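Reading through the structure tokens given below for one structure.
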Amino acid sequence: MDISTLVSNQHAHFRSGATLPAAVRLDALDRLRRNILAMQPDIEAALQADLGKHPYESYFCEIGQVLEELSYLRSHLRRWAKPRRVHTPMTLFPAKSRRYPQPYGVVLVMSPWNYPFMLSLTPVLGAIAAGNCVILKPSAYAPATSKVLSQLIAATFEPQYVAVVEGGRAENSALLDQRVDYIFFTGGVTVGKEVMRRAAQNLIPVTLELGGKSPCIVDETADLALAAKRIVFGKFLNAGQTCVAPDYVLVQQEVKDQLVEQLKKTLLDALGDDPLSNPEYGKIVNDKHYRRILGLLEGQTILLGGQARDGKIAPTLLDQVDPQSPVMQEEIFGPVLPILSYATPQDVVDFVSNREKPLALYLFSRSREMQDLVTSRLSFGGGCFNDTILHLATPYLPFGGVGNSGMGAYHGKASFDTFTHYKSILVGGQQVDVPLRYHPYTPSKFNLLKRFLK
Numbered sequence: 068m069d070i071s072t073l074v075s076n077q078h079a080h081f082r083s084g085a086t087l088p089a090a091v092r093l094d095a096l097d098r099l100r101r102n103i104l105a106m107q108p109d110i111e112a113a114l115q116a117d118l119g120k121h122p123y124e125s126y127f128c129e130i131g132q133v134l135e136e137l138s139y140l141r142s143h144l145r146r147w148a149k150p151r152r153v154h155t156p157m158t159l160f161p162a163k164s165r166r167y168p169q170p171y172g173v174v175l176v177m178s179p180w181n182y183p184f185m186l187s188l189t190p191v192l193g194a195i196a197a198g199n200c201v202i203l204k205p206s207a208y209a210p211a212t213s214k215v216l217s218q219l220i221a222a223t224f225e226p227q228y229v230a231v232v233e234g235g236r237a238e239n240s241a242l243l244d245q246r247v248d249y250i251f252f253t254g255g256v257t258v259g260k261e262v263m264r265r266a267a268q269n270l271i272p273v274t275l276e277l278g279g280k281s282p283c284i285v286d287e288t289a290d291l292a293l294a295a296k297r298i299v300f301g302k303f304l305n306a307g308q309t310c311v312a313p314d315y316v317l318v319q320q321e322v323k324d325q326l327v328e329q330l331k332k333t334l335l336d337a338l339g340d341d342p343l344s345n346p347e348y349g350k351i352v353n354d355k356h357y358r359r360i361l362g363l364l365e366g367q368t369i370l371l372g373g374q375a376r377d378g379k380i381a382p383t384l385l386d387q388v389d390p391q392s393p394v395m396q397e398e399i400f401g402p403v404l405p406i407l408s409y410a411t412p413q414d415v416v417d418f419v420s421n422r423e424k425p426l427a428l429y430l431f432s433r434s435r436e437m438q439d440l441v442t443s444r445l446s447f448g449g450g451c452f453n454d455t456i457l458h459l460a461t462p463y464l465p466f467g468g469v470g471n472s473g474m475g476a477y478h479g480k481a482s483f484d485t486f487t488h489y490k491s492i493l494v495g496g497q498q499v500d501v502p503l504r505y506h507p508y509t510p511s512k513f514n515l516l517k518r519f520l521k
């Protein structure tokens, strides 16, 4: 089936009303859950092939996250899908006001390669829960996972309801030529801008989940041993190929040396003195990105790591990094962590705010004043205090970027809302017809109007 026919068939299926009943949506989620569990060994094998992920990491960061999101959506779906009565001003008495949640129609989900299972299915779940038809376009950079996703979706849904389109740039372009009703894109800033430009031609609404250089700030009040463990976890998970990974550390100069020693100790304890031979440590997705990351290390002062072989790059700590160097100008998206120092909290505000708004920000501090300064003065998508990346793992916190790091949000109720248009309906009362709005405009009416509208 060609892409235009697929889109046409999905539009027809949506217009039939088949996806609207809550029972249909719940059944779809249940069938998908059963098939995910049945295909779990295949999914783990695909993630191992594409990214060298250990089965533990595959379940912890991908499969388990999808199942948890599915369970949360399923438990709230019926309530969210119902019309909701809202307040009506006295000036409109005796009318009533309601909001009706309505799915957009045909949703295109374009997913990335770094968490190719989780970042594909999490938005798909939200679109299904909201009552849409869905076309999923996985990344060609993770071909094994793309294939297993295609098999999973084909085993669960008819293509007029949910379908997968595999391929590369040609398929991406063909999909963006279609008149879908919503586009959800996760990926880099450059491609995100092109997606938005193409969507604008047909006024298609978009959610863009992008990236950026997410800072990790450590002040002198922090528990340095704990901070090091959690920075290492967040930075070197998936070999650093995480959109919300700490991209660089800004540490107060008084405790920089202590933090560096804790980071070194933590890395050795976690992965040993030869992390490239550790089966729990993943690989870089392809040779292009492998060589790009190695290029960022040229001319840098390496405190630990830097070794590379067989598509793997050891966790690497950098010191004395020039803020204008390439490693500080682009998102690293790999296992390289520059460490910079600062003197005062204002230095942190100036450094971070003079760059593009990041997708995430992390602060390790016991100081309430520092926490308040970061939340009030710095703009970023979301983040953690005294931890890293776990804000991504809860359905209770909407996840999304701001500015150059994206627009829109999802997870939990935010996913349902993202793929839903809320129609506002005012139901006029017929038993009483208040004459205030009608001619003639008398002084007594005017005085009464001013009493209500103020």
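Mind the numbering: the sequence shown is residues 68 to 521 in our numbering, read in order. Just so it is clear, CB atoms sit at the ideal spot from N, CA and C, and this is done for glycine as well. Everything numeric in this text was worked out from a predicted model, so none of it was measured.
Buried or exposed for alanine 295, please, with buried defined as at least 16 other CB atoms from any protein chain shown within 10 angstroms of its CB. Here residue 295 is taken as the residue at index 228 of the sequence shown, counted from 1. By the 10 Å Cβ count, alanine 295 comes out buried.
For my contact list, glutamine 115 and histidine 488 are in at a C-beta cut-off of 8 Å; report their separation, rounded to the angstrom. Counted from its first residue, the sequence shown places residue 115 at position 48. Counted from its first residue, the sequence shown places residue 488 at position 421. Going by Cβ atoms, the distance from glutamine 115 to histidine 488 rounds to 40 Å, so no, they are not a contact pair.
Can you give me the Cβ contacts of alanine 222 inside the same chain, cut-off strictly under 7 Å, excluding the 5 residues immediately before and after it? Numbered from its first residue, the sequence shown carries residue 222 at position 155. Result list for alanine 222: Asn102, in chain order.
Backbone CA spacing between valine 318 and valine 262 [nearest angstrom]: The count along the sequence shown starts at 1 and reaches residue 318 at position 251. The count along the sequence shown starts at 1 and reaches residue 262 at position 195. Cα to Cα, valine 318 sits roughly 37 Å from valine 262.
Thinking arginine 145 and alanine 89 are a contact (beta carbons under 8 Å), I'd like their distance in whole angstroms, please. Taking the sequence shown and counting its residues from 1, the one referred to as residue 145 is at position 78. Taking the sequence shown and counting its residues from 1, the one referred to as residue 89 is at position 22. 5 Å between Cβ atoms; contact.
I'd like the ranges of any beta strand (DSSP E) spanning at least 3 consecutive residues and lying wholly in the segment 336-419. 368-371, 383-386, 403-409
Which full runs of the alpha helix (DSSP H) of 4+ residues lie inside the segment 412-495, going along the chain? 412-420, 435-444, 480-485
For the alpha helix (DSSP H) that contains alanine 230, what are its first and last residues? As a first step, residue 230 is located in the sequence shown; it is residue number 163 there, counting from the start. No alpha helix (DSSP H) holds alanine 230; the beta strand (DSSP E) holding it covers 229-231.
Which residue marks the beginning of the alpha helix (DSSP H) containing phenylalanine 81, and which one marks its end? Translated into positions along the sequence shown, residue 81 becomes position 14. Looking at the DSSP string, the run of the alpha helix (DSSP H) that includes phenylalanine 81 is 70-82.
With distances taken Cα to Cα, identify the nearest neighbour of leucine 293 among Glu321, Gln325, Ala312, Gly278. As a first step, residue 293 is located in the sequence shown; it is residue number 226 there, counting from the start. The option with the nearest alpha carbon to leucine 293 is Gln325.
Going by C-alpha distance, which of Asn181, Val229, Asn199 is nearest serine 206? As a working note, residue 206 is residue 139 in the sequence shown. Checked all of Asn181, Val229, Asn199; the closest Cα to serine 206 is Asn181.
Let me see if you follow: with CB-CB separation under 8 Å, is leucine 384 close to chain D or not? No chain D appears in the structure shown, which is made up of a single protein chain.
Nearest to leucine 371 (by Cα), restricted to the options Leu335, Val388, Gly378, Leu363: Within the sequence shown, the letter at position 304 stands for residue 371. The candidate whose alpha carbon is nearest that of leucine 371 is Leu335.
Have a look at Phe466, Pro156, Phe431 and flag the residue whose alpha-carbon is nearest the alpha-carbon of isoleucine 298. One-based indexing of the sequence shown puts residue 298 at position 231. Closest by alpha carbon: Phe431.
Based on Cα-Cα distance, which residue from Thr257, Pro510, Ala289, Leu503 lies nearest to valine 322? Counting from 1 along the sequence shown, the entry for residue 322 is found at position 255. When only C-alpha atoms are compared, the closest one is Ala289.
Check whether the Cβ atoms of alanine 105 and lysine 214 lie closer than 8 Å to each other. Position 38 of the sequence shown, counted from the start, is the residue given in the question as residue 105. Position 147 of the sequence shown, counted from the start, is the residue given in the question as residue 214. Result no, Cβ atoms of alanine 105 and lysine 214 do not sit closer than 8 Å.
Return helix, strand or coil for threonine 223, following the three-state DSSP convention. The residue labelled residue 223 in the question sits at position 156 within the sequence shown. It is helical.
Residues bridged to valine 153 (per DSSP): Working through the sequence shown from its first residue, we reach residue 153 at position 86. Valine 153 is bridged to Ser164.
Reduced DSSP secondary structure (H/G/I, E/B, other) of valine 258: Residue 258 sits at position 191 when you count from the first residue of the sequence shown. DSSP places valine 258 in helix when its eight states are reduced to three.
Beta carbon of proline 313 nearer than 8 Å to that of tyrosine 409: To locate residue 313, count along the sequence shown from 1; it is residue 246. To locate residue 409, count along the sequence shown from 1; it is residue 342. Not closer than 8 Å, so no.
Flag this pair as yes or no: are the beta carbons of alanine 148 and threonine 155 separated by less than 8 Å? Translated into the one-based positions of the sequence shown, residue 148 becomes position 81. Translated into the one-based positions of the sequence shown, residue 155 becomes position 88. Cβ distance not < 8 Å, so alanine 148 and threonine 155 don't count as in contact.
Just the C-alpha distance for arginine 433 and proline 425, rounded to the nearest angstrom, thanks. For this step, residue 433 is matched to residue 366 along the sequence shown. For this step, residue 425 is matched to residue 358 along the sequence shown. Cα-Cα distance, rounded: 23 Å.
Span of the alpha helix (DSSP H) holding isoleucine 103? For this step, residue 103 is matched to residue 36 along the sequence shown. Residues 89-105.
So, for tyrosine 171: in the same chain, excluding its five sequence neighbours on each side, which residues have a beta-carbon less than 7 Å away from its beta-carbon? If you number the sequence shown from 1, residue 171 lands on position 104. Closer than 7 Å at the Cβ level, and outside the excluded window around tyrosine 171, lie Asn199, Asp248, Tyr249, Phe486, His488.
Looking at the unbroken alpha helix (DSSP H) that takes in lysine 204, where does it start and where does it end? If you number the sequence shown from 1, residue 204 lands on position 137. Unbroken run through lysine 204 is the beta strand (DSSP E), 200-204; no alpha helix (DSSP H).
If the criterion is Cβ atoms closer than 8 Å, does the pair asparagine 269 and arginine 236 meet it? Counted from its first residue, the sequence shown places residue 269 at position 202. Counted from its first residue, the sequence shown places residue 236 at position 169. Taking 8 Å as the Cβ cut-off, asparagine 269 and arginine 236 do not qualify as a contacting pair.
So within the segment 245-318, which uninterrupted alpha helix (DSSP H) runs reach at least 4 residues, ignoring any that extend past its ends? 256-267, 291-303
In whole angstroms, give me the CA-to-CA distance for valine 91 and glutamine 132. As a working mapping, residue 91 is identified with position 24 in the sequence shown. As a working mapping, residue 132 is identified with position 65 in the sequence shown. Going from the Cα of valine 91 to the Cα of glutamine 132 covers about 23 Å.
Going by DSSP in three states, glutamine 498 sits in which element: helix, strand or coil? In the sequence shown, counting from the first residue as 1, residue 498 sits at position 431. Coil, per DSSP.
What residue range is occupied by the uninterrupted beta strand (DSSP E) comprising valine 173? Start at 1 with the first residue of the sequence shown, and residue 173 comes out as number 106. Run containing valine 173: 173-177, per the beta strand (DSSP E) assignment.
Quick one: what's got a C-beta closer than 8 Å to leucine 216's C-beta in the same chain, skipping five residues either side? Stepping through the sequence shown from its first residue, residue 216 is reached at position 149. Counting only Cβ-Cβ distances below 8 Å, and skipping sequence neighbours, we find Pro183, Phe184, Ser187, Leu188, Leu203, Pro205, Val231.
Check whether the Cβ atoms of leucine 404 and tyrosine 315 sit closer than 8 Å, and answer yes or no. In the sequence shown, counting from the first residue as 1, residue 404 sits at position 337. In the sequence shown, counting from the first residue as 1, residue 315 sits at position 248. Yes; because the gap between Cβ atoms is below 8 Å, this pair is in contact.
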